[in-house]
Structures are given as structure tokens and as C-alpha cells.
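Visitor: 3 is the number of the first residue of the sequence shown in this note's numbering; add one for each residue after it. Built from N, CA and C at the ideal position, the CB exists for glycine as well. Just so we're clear, the structure is a prediction, and the values are computed from it rather than from any experiment.
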Amino acid sequence: MMLMMNYAGTGAGNTATEKVQKNPNYLMANERMNLMNMAKLSIKGLIESALNLGRTLDSDYAPLQQFFVVMEHCLKHGLKAKKTFLGQNKSFWGPLELVEKLVPEAAEITASVKDLPGLRTPVGRGRAWLRLALMQKKLSEYMKALINRKDLLSEFYEPNALMMEEEGAIISGLLVGLNVIDANFCMKGEDLDSQVGVIDFSMYLKEGPIAKSSEEDVEKELEVQIGMKQEMEMAMKMLDRDVCEKQEALVALRQQLDDLRALKHELSFKLQSSDLALKQKNELNSRLEEKTNQMAATIKQLEHRLRGAVRDRLDAEEANRLFKQDFGDKIESLQMEVDRLRKQCLHYEKEQKKEAKRRPSGNQIVKEVPENKYSPLRIPHLLQKNMSAQNKGVPENVKQAVNEMNSTAHNSTTSPSISPEREGQDGERRILQMCQLCREESSILLTKNECKNCGGIFCSTCSSNEIPLPSSIHPERVCNLCYQRLIQQYCSSPS
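1. Please confirm whether C456 and C484 have their CB atoms less than 8 Å apart.
2. Which residue's Cα is closest to the Cα of L104: I183, S61, D153 and P119?
3. Just to confirm my understanding: we take C76, look at its own chain, exclude 5 residues before and 5 after, and list those with CB closer than 7 Å. What are they?
4. With a cut-off of 8 Å on the beta carbons, I'd call S465 and N451 a contact; round off their distance for me.
5. Consult DSSP for Y63 and reduce its assignment to one of helix, strand or coil.
6. Assuming contact is defined by CB atoms lying nearer than 8 Å, are R127 and W95 in contact in what I supplied?
7. When you compare each of L176, D261, Q197 and Q257 to E225 by their alpha carbons, which one comes out closest?
8. Can you grab the Cα-Cα spacing for the pair M166 / Q258, in whole Å?
9. Which same chain residues end up closer than 6 Å to N181 when comparing Cβ atoms and leaving out the 5 residues on each side of it in sequence?
10. Look at the Cβ atom of M30, then the Cβ atom of G80, and state whether they are nearer than 8 Å.
11. In or out: S44 buried (at least 16 other Cβ within 10 Å) or exposed?
12. Verify whether the separation of the beta carbon atoms of L448 and N482 is less than 8 Å.
13. Taking only three categories from DSSP, how would you classify C76?
14. Do D184 and L55 have their beta-carbon atoms positioned less than 8 Å apart in this structure?
15. What residue does the alpha helix (DSSP H) around R34 start on, and which one ends it?
16. I need the DSSP call for L488, collapsed to helix, strand or coil.
17. Buried or exposed for A135, going by 16 or more other Cβ atoms inside 10 Å?
18. Express the C-alpha separation of M436 and R487 in angstroms, rounding to a whole number.
19. With DSSP as the reference, label L81 as helix, strand or coil.
20. Between the Cα of G500 and the Cα atoms of A147, E102 and P65, which residue gives the shortest distance?
21. When we look at the beta-carbon of G229 and count the other beta-carbons within 10 Å, is it buried (16 or more) or exposed?
22. Can R256 and D195 be called in contact, C-beta distance under 8 Å?
23. So P97 packs on L155, CB below 8 Å; how close in whole Å?
24. Within the continuous beta strand (DSSP E) that includes P124, where are the two ends?
25. Would you mind working out which of I459, F460, I489 and L118 sits nearest P472, comparing C-alpha positions?
26. Helix, strand or coil: how does DSSP classify F94 here?
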């Protein structure tokens, strides 16, 4: 539908015709201007009549019906025709369906329109959508959101259509005033598919001063709308500035988030390293505790052995004390016996020398010497018999005295007057009484001891040590070789 509204007379019509011939877009611009003016008149008349009426409007109210007709013409202006099997079809329902994608609140009325019974055509759905949006008092918001997305509207409208130009934004601003009226529609029994949208110009055409005043009012309204537009532009600039600030803040927050993520990654790596070090330290601690337990057990064993050694030492000291106590008197008596025998030996040596001077014959001396009860040859045997009868544990001073007596007797008996037969008997006796360790001839006349470990016969020098044997608790006399062997054996044993 093409609307040409010229109030200037014939001259203005001729001028418009010339402009149409020169510029084909002038016709579309003129139509947009006419539709915008009709929308202004319709919206203004609807608001004034609704405020004067003072009640809720319904679908039978004439100014409201004319408003929907004008809105329908505005939405159809420059609409692209879609080819179907029945021919070309122009429907503004397609653009209105996009609103629910732009404003989520519009999805409710879109679903309600699709669910209404009796609506068979897209035109009827579009008319029902306009009525429901007006009831919600969000028609201006939906139209503004739709006009701002010209990239989506280009699929449905021509480039010079009202919805694609500035007039569409002005109309969306005028629709804000409709939020002051209340409307209620019952669309279940209403036939929206077959209604004919014809604009009734008689409601807006006035003569004389009334028309002039109406034109002045329109100009004032236009100025108001221009002021509102400027305010909206200013608000948009402020919003753009606010958006830029928010974007900068968002960039800073993202940078902080990246830093926090890097810090979190570093802390997690340090935590893993700390856990690994803690695990190693725990293992080391476990090993040290195990070694500590082993050392404690070893210390306990050593303490036990130390207590045993101290107990053995005390026992040995007690045994030594008892030994000294028991054999002190015997040692003194033996010492006195040794002194007495030594004196007798000296006395008999003197007598023997005197006899030798008086009797020069050696055979007689040899015969008389054995008959003497206290001859030097018999003194060591008597001493040995006495010592073996007393005890084997004679002190060292007694042994030294016996050794001196043995050496004296041996020197006194070395005379050339002894016969070879007597010398053979003495050698045989020396071999039988010789020490098995040192094998010295001087050990023949010394006191012999029996080793309690190996059973051999040894002199006092080669068997001067006492040590406890495995078969006895008290110390026993052993030879030097057995003593060293037993000491090594006891040292190598664990306990």
C-alpha cells in the first residue's frame, strides 16, 4: 500500500512528481514520512483518548484498532515477498519471530501466539503478537531491539524500508508513551486472519486552525522526540564508555586470573616436591628408627654381657680372696720348710767337701752319697714330694726357691767320679720328667703341673696361667698354648 500525503496543494504535487522521476528512492522516503506521521497521530490520539476515557481498553475501541492498522502498515513497508506454491506472500510474522532470540522475555508471547486456536495465517499470528506485546507494555522494547539488528532485518526488508531507516527508530521511541495505558484483549473468538487493515483518515484530518494547531503539536512532539533521541544518543555514548571501562576491567581480571592460574600451577608443583621430600624424609626416618632399635638391642646385649663380665670379675675376685685366705698359712709353712732344707743342703755340702778331702777315691764317695738321707740329689725330690702333697697352687716365691735349690743340687752332682751306668739312669729320668713345652734340661728337677685342658706335663713357667674351662666354673691351671687358644675362643664368641 502506497501512501502519498501532501497538504500543500497542486504545486507541491507537481514538485513531488518531478522528484519521483529524478530519484526513484524519493517515493519510498515519502511513504516512510507519511507512515511516521500517521504513527505519531495514531499514538497521540490513542494516548489522549485512553487518558480521557479512564478505563482499560479492549479490542472494540476504535483508536486502538486504528493504531494496530497503522503498525501493520509500518511493519509491511518494504517487506520482501516470499514465493510459495500459491504465489507471493508478504508477512511480517517472520521478523516478529526474531524478537524471542533477541529478548528472552518475548518467548512467552511467541509461544502463546503459536498455541492460540483459530490462527491459520502468518498475518493473524503477527496481529495477535502485537496485541499481546501491548498488553505486556513492552511493545516499544521489542521494536527497539528488533530495529537495532538491521543485519537480521535485511533478510526480510528492502534497504529503503521503514524498519531499516531512521523513521523506524523514531516510531519505536514513540511507542514508549503507550506504556501508560492498560489494554485487555480476548483473542480466542476474534477473527484476526480475515481482518482488512484500512486506515481511517477521517479521525486525523481537520480543517482550518485546528489543522494548524495539530501541525504545531506534531512539530512540538517531533522536537520532543528529537530531544529524546539526543538524550538516548548521549545515554548510548555513556553506555559505550561504561562498556569500554568494563571491558578494560575484564581484561585486567583475565590477566589476574592467568596470574592466579600460573601461581596455582607453581604452588601445585611445589606441593608435589614437598610431598616427595616428605616421603623421602619419612623413609629415612623409618630407616633411622630401625637402626636405632637395632642399636638399642645391641646396647642391651652389651649391657647384659657387661653385667655378666662384672659378675664374673666379682666372682674371680672373691675366689682370689678365698684362695689367699685358704693358702696363706700353707705358703708360710712351705717357705719355712724351704729355708730349713736350704740350710741342711748347705750343711751337707760342707760335710761332703770335707769327706772329699779326706777320701780321695771317687767310688767310695759315690756309694756313700746315696746312703745319706739328705744328700743334695734327694733334696729336690723331697721338696717336690712335699709340694705335691700340699697343693699345686704354690706362689712364685716358693717356685723360685725350689728352682735355686734344684740348680744348686745339679751343680753339686756334676762330678767326674760318677759312673757311666749312673749317668744313663739319670738321662732316662730327665727325659721322663722334662717339660713338654720348653724342653729344657733345667725343667727336669722343677715341679711339674698337669694341664687340665690337654693333659700334658709342663713346668711351672709354661703352666702359670689359670682360666675357667667349659667343663668347670672355677679357674683351672692350663699350659700357655691352651691359655692363648681359650682366650681367642672366648673373645670370638658373641656372648
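Guide: Working from what's here:
1. Their beta carbons are under 8 Å apart, which means C456 touches C484 by this criterion.
2. Checking every option, the nearest Cα to that of L104 belongs to D153.
3. The answer, listed in chain order, is L37, A41, L164 and I173.
4. S465 to N451, Cβ: 4 Å. Contact.
5. In the structure shown, Y63 sits in coil (DSSP, three-state: anything other than H, G, I, E or B).
6. A contact, by the Cβ cut-off of 8 Å.
7. For the residues L176, D261, Q197 and Q257, the minimum Cα distance to E225 belongs to L176.
8. Straight-line measurement puts the Cα of Q258 at about 43 Å from the Cα of M166.
9. So the list reads K139, once near-sequence residues are dropped.
10. Contact check for M30 against G80 passes: the beta carbons are separated by less than 8 Å.
11. Classification of S44: buried, given that the 10 Å Cβ count is 16 or more.
12. The answer is no: Cβ separation not under 8 Å.
13. DSSP places C76 in helix when its eight states are reduced to three.
14. It is not a contact, given that the beta carbons lie outside the stated cut-off.
15. N27 to L55 is the span of the alpha helix (DSSP H), which, as asked, contains R34.
16. Secondary structure of L488 (DSSP, three-state): helix.
17. That one is buried.
18. C-alpha separation (whole angstroms): 23 Å.
19. DSSP places L81 in strand when its eight states are reduced to three.
20. Outside the modelled stretch of the chain, which goes from 3 to 497, sits residue 500, for which no answer is possible.
21. By the 10 Å Cβ count, G229 comes out exposed.
22. For R256 and D195, no; Cβs fall outside 8 Å.
23. That pair is a contact at about 6 Å.
24. From DSSP, P124 is part of no beta strand (DSSP E) but of the alpha helix (DSSP H) over P124 to Q138.
25. Nearest C-alpha to P472: I489.
26. In the structure shown, F94 sits in coil (DSSP, three-state: anything other than H, G, I, E or B).
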